[in-house]
Structure formats: C-alpha cells, structure tokens
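Peer 1: Next up is a structure, given as structure tokens.
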Ligand SMILES: Nc1ncnc2c1ncn2[C@@H]1O[C@H](COP(=O)(O)OP(=O)(O)OP(=O)(O)O)[C@@H](O)[C@H]1O
Ligand SMILES: [Mg+2]
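Numbering (this note's numbering), first residue to last: 211 to 456.
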C-alpha cells in the first residue's frame, strides 16, 4: 500500500534521511522504531507532505505522492497524526475531532465515522461537549487519533502515540490501534515503546543514521539479539502476557 524508495530529506542543508526504503502492506501494522532524533518524525513528515522530500519516491495505493501538498495526500487517503498532541484547547472535544473531516462533505459518512471514533474512545463521547483543554494526556492522544480517522483514511500514520502516557493509557492506546487495524485501516506506527510496538505490529523497521538499519517480521525482531540489546534493555521479551491483553 505504501512503497518508499531511496527517500532523502532534511531541514535547510542538514540531511536527516539518507536513502530510506520501506514498504507497508495493506491491512497490517508496520512499526518504525529507532532512538531519539533518528529521523522517525522526519520520515512521516516527508511521507505526508509536511516537508518536501529532497529525492526518492513515495508511492501510495499505486500512485506517486511525493511532493504533493499535505491536503492532497490526505484526500488520497493517507493521514498523519503528529507527535505533539496539538488541539484547540478552547474548542470542544467534538469540534476538535470534526476538524479531521475537513476534506469531506458526505454528511452520513462523517456521522458514521464519529460513531466509529466514539466506539474506540467512549471517554471522548462522554467529554464531547467539554473544552479539549481539560483532557488528560491519554485522552488528548485519543482525540488526535480520532481526528485523523475522521478523514476516513486508508492508512493512518501515528507518531509515538504512547509517549509520555501512564501505563493504563498506553494499553488503551495500543488496544485501540489493534481495533483500528482489525476494522480495515492500515497503520504505520512510529514508537519508542519497542516491546509493545513489536507485539502489535506485523512487520518492523529500525531506523538509524538516516537509513533502515534492520527490518523483519515483528515476531523475529522481538527475538533478535541486537534488537533486544539495543532497544529492549537486553531482556528476553515477554511475548505471552502483554500480547494476550491487546
Ligand atoms: N524543523 C527542524 N529544523 C531543523 N532540524 C530539525 C527540525 N526538526 C527536527 N530536526 C532535527 O532532525 C533530527 C531528526 O529529528 P526527528 O524529529 O525526525 O527525530 P525522531 O526520530 O522523530 O526523534 P524523537 O523520537 O525524539 O521524536 C534531529 O536531529 C532534530 O534535531
Ligand atoms: Mg519524533
């Protein structure tokens, strides 16, 4: 569904991505892992058009999208949820969620997708008339994912959705991502919670020094000695308990 070849991107004259190759299959969760400042967000921004790639190709759903404006890419069905959990605090939860539907005019579809979002995140329905500014970190992340889903994307890209959340909120977010995939939306998931990301994902990529350093089936990566040492604190992954709760 998404095919990235030899992608180069950066800021000003500083190169961050030095030839990234990556594919994400329809119906799957594909994880992008890597340490602080390795270029994960830059990669998502270069895919979604928030920055213009220097070189290389991004093919989505069979069509090239590199260099298109972000709203054109959203209309093609590819949506990014950015890292900052940005919302309009003085607007209601409902109004914030609805902003994600800005590219659409099908009223019934929008109403159906509101119900879809509220089915994943019932707490947002409870708070739908409240100012978004009162929400907790986990609830803000839910709002941002919900807003992304309101564009009815074929594929949603999530940038560290579990970061800075309490453990229960982390579980809630990963569970909701699992449901989003089950309901047919393809997911590209950037995470620093490598263990949870690999338990959820089908396939994973590790980015380092501007290129893909390692890739493989998630179940193989989680048992890989290098991944364990570098990203899982050297421990043996507990793949039974946590996976069962998703
Ligand atoms: N707007 C910008 N202008 C200049 N440099 C930037 C800009 N945004 C990011 N960078 C730099 O690009 C590099 C990659 O940043 P990026 O945000 O892609 O990393 P990341 O993998 O998402 O990190 P994190 O896990 O901390 O979110 C970093 O060195 C960062 O300082
Ligand atoms: Mg980032």
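Yeah, the Cβ is synthetic: ideal placement off N, Cα and C, and Gly gets one too. For clarity, every value in this text was computed on a predicted model and none was experimentally measured.
Let me check you understand the geometry: is the CB of residue 251 closer than 8 Å to at least one non-hydrogen atom of ligand 2?
Peer 2: The answer is yes for residue 251.
Peer 1: Less than 9 Å separating the beta-carbons of residue 425 and residue 232?
Peer 2: A contact, by the Cβ cut-off of 9 Å.
Peer 1: At the level of alpha carbons, what is the spacing between residue 341 and residue 383?
Peer 2: Those two C-alpha atoms are separated by around 21 Å.
Peer 1: May I ask you to verify whether the region 376 to 395 touches the region 334 to 352, counting CB pairs closer than 8 Å and requiring at least 3?
Peer 2: They touch, by the three-pair rule.
Peer 1: If I follow the unbroken alpha helix (DSSP H) through residue 252, where does it start and stop?
Peer 2: Residue 252 -> alpha helix (DSSP H) spans 250 to 258.
Peer 1: Under a three-way DSSP split, which group does residue 228 fall into?
Peer 2: Strand, per DSSP.
Peer 1: What are the start and end residues of each continuous alpha helix (DSSP H) run of 4 or more residues lying completely inside the region 314 to 390, in chain order?
Peer 2: Listed in chain order, they are 317 to 330, 332 to 336 and 347 to 359.
Peer 1: Is DSSP giving residue 425 helix, strand or coil here?
Peer 2: It is a strand residue.
Peer 1: DSSP three-state call for residue 403: helix, strand or coil?
Peer 2: Correct three-state label for residue 403: coil.
Peer 1: Which stretch, first to last residue, makes up the alpha helix (DSSP H) that contains residue 267?
Peer 2: Looking at the DSSP string, residue 267 is not in any alpha helix (DSSP H); the run it does join, the beta strand (DSSP E), is 265 to 270.
Peer 1: Does residue 284 pass the burial test, meaning 16 or more other C-beta atoms within 10 Å, or should it be called exposed?
Peer 2: Flag for residue 284 reads buried.
Peer 1: So what does DSSP say about residue 215, is it helix, strand or coil?
Peer 2: Strand.
Peer 1: Check whether the Cβ of residue 281 sits closer than 8 Å to any heavy atom of ligand 2, and report yes or no.
Peer 2: No - ligand 2 has no heavy atom lying nearer than 8 Å to the Cβ of residue 281.
Peer 1: Nearest-angstrom Cα distance between residue 296 and residue 438?
Peer 2: Taking the straight line from one Cα to the other gives about 33 Å.
Peer 1: For chain B, is any of its Cβ atoms less than 9 Å away from the one on residue 393?
Peer 2: The structure shown contains no chain B; it is built from a single protein chain.
Peer 1: Using DSSP with H/G/I as helix, E/B as strand and the rest coil, what is residue 305?
Peer 2: Residue state, collapsed to three classes: helix.
Peer 1: Please find out if some non-hydrogen atom of ligand 2 comes closer than 8 Å to the beta-carbon of residue 370.
Peer 2: Under cutoff, so the answer is yes.
Peer 1: Could you check if residue 394 is buried or exposed, using at least 16 other CB atoms within 10 Å of its CB as the buried criterion?
Peer 2: Per the 10 Å Cβ criterion, exposed.
Peer 1: Which term fits residue 265, buried or exposed, when burial requires 16 or more other beta carbons within 10 angstroms of its beta carbon?
Peer 2: Exposed, because fewer than 16 other Cβ atoms sit within 10 Å of the Cβ of residue 265.
Peer 1: Taking the CB atoms as reference points, tell me whether residue 217 and residue 367 lie closer together than 9 Å.
Peer 2: It is not a contact, given that the beta carbons lie outside the stated cut-off.
Peer 1: How long is the line joining the alpha carbons of residue 322 and residue 276, rounded to whole angstroms?
Peer 2: Their Cα atoms are separated by approximately 31 Å.
Peer 1: Sort 455, 289 and 271 by Cα distance to residue 279 and report the nearest one.
Peer 2: Considering only alpha carbons, the answer is 289.
Peer 1: With 16 other CB atoms within 10 Å as the buried threshold, where does residue 344 fall?
Peer 2: Looking at its Cβ environment, which holds fewer than 16 other Cβ atoms inside 10 Å, residue 344 is exposed.
Peer 1: What span of residues does the alpha helix (DSSP H) with residue 439 cover, start to end?
Peer 2: Unbroken alpha helix (DSSP H) run through residue 439: 435 to 441.
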